[in-house]
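Residue numbers (the numbering used here): 40 to 90.
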């Protein structure tokens, strides 16, 4: 694994295989990485939680 920016951290996430496959397919359809999709979804959730 490569180095990461000092303002970021790695985390281990355990999810169902079917959910991962579905998210990977969505990411592919949106021409983005799985990681980028997950971060986007989590940011939107966090932002909406502050409303």
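Don't be surprised by glycine CBs; every beta carbon is placed ideally from N, CA and C.
Reducing DSSP to helix, strand and coil, say where residue i ends up.
i, result
"residue 72", "coil"
"residue 49", "coil"
"residue 63", "helix"
"residue 86", "helix"
"residue 43", "coil"
"residue 78", "helix"
Assuming residue i contacts residue j (C-beta within less than 8 angstroms), just tell me the rounded distance between them.
i, j, result
"residue 76", "residue 85", "With a Cβ gap of about 15 angstroms, residue 76 and residue 85 do not count as contacting."
Residue i and residue j: beta carbons closer than 7 angstroms?
i, j, result
"residue 61", "residue 73", "no"
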